[in-house]
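Using UniProt numbering, read the sequence shown as starting at 1 and increasing by one per residue.
Let me begin by presenting the structure, written as structure tokens, before commenting on it.
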Amino acid sequence: MTDATVQSLKDLFHDDPDVQAGMMFGSRCLKVRGKVFTTAHQGAMVFKLPPDVHARALALPGAFRWNPSGRRVLRQWVAVPNEQHAHVQELGRAAFHFVGGTP
């Protein structure tokens with residue numbers, strides 16, 4: 001996904017002073033109170049999700065468990081390909097709340 005997708009998520013949380021943009025593994029990310037909840041990586045958006053949402057996200061066509069280093073899968077993270085753009089804001093909200101964003 002593009003930087004524009006990250007920006008659209010940043011715009012979603014523009015009223016929350018606890019959300020900041022940053023970098024993770026050389027890609028743009030969003031953090032809430034210093035904890036990353038979503039990042040763009042190699043053409044996908046990646047989200048840290050609670051178990052129920054994680055399972056639904058993983059069921060999306062092309063979605064996969066994120067393994068940025070090639071050594072081990074990060075169990076709470078799901079990478080969602082560009083074709084699933086329609087789900088980005090929903091997953092972004094879920095990740096935000098899971099990591100510690102206020103309701």
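For glycine and all other residues, C-beta sits at the position ideal for the given N, C-alpha and C.
- Under DSSP, residue 53 shares a beta bridge with no residue.
- For residue 95, the uninterrupted alpha helix (DSSP H) segment begins and ends at 88 to 99.
- The alpha-carbon of residue 58 is positioned some 8 Å away from that of residue 80.
- By the Cβ-count criterion, residue 48 is buried, with 16 or more other Cβ atoms from all chains shown falling within 10 Å of its own Cβ.
- In the assembly as shown, residue 63 is a buried residue. Its beta-carbon has 16 or more other beta-carbons within 10 Å.
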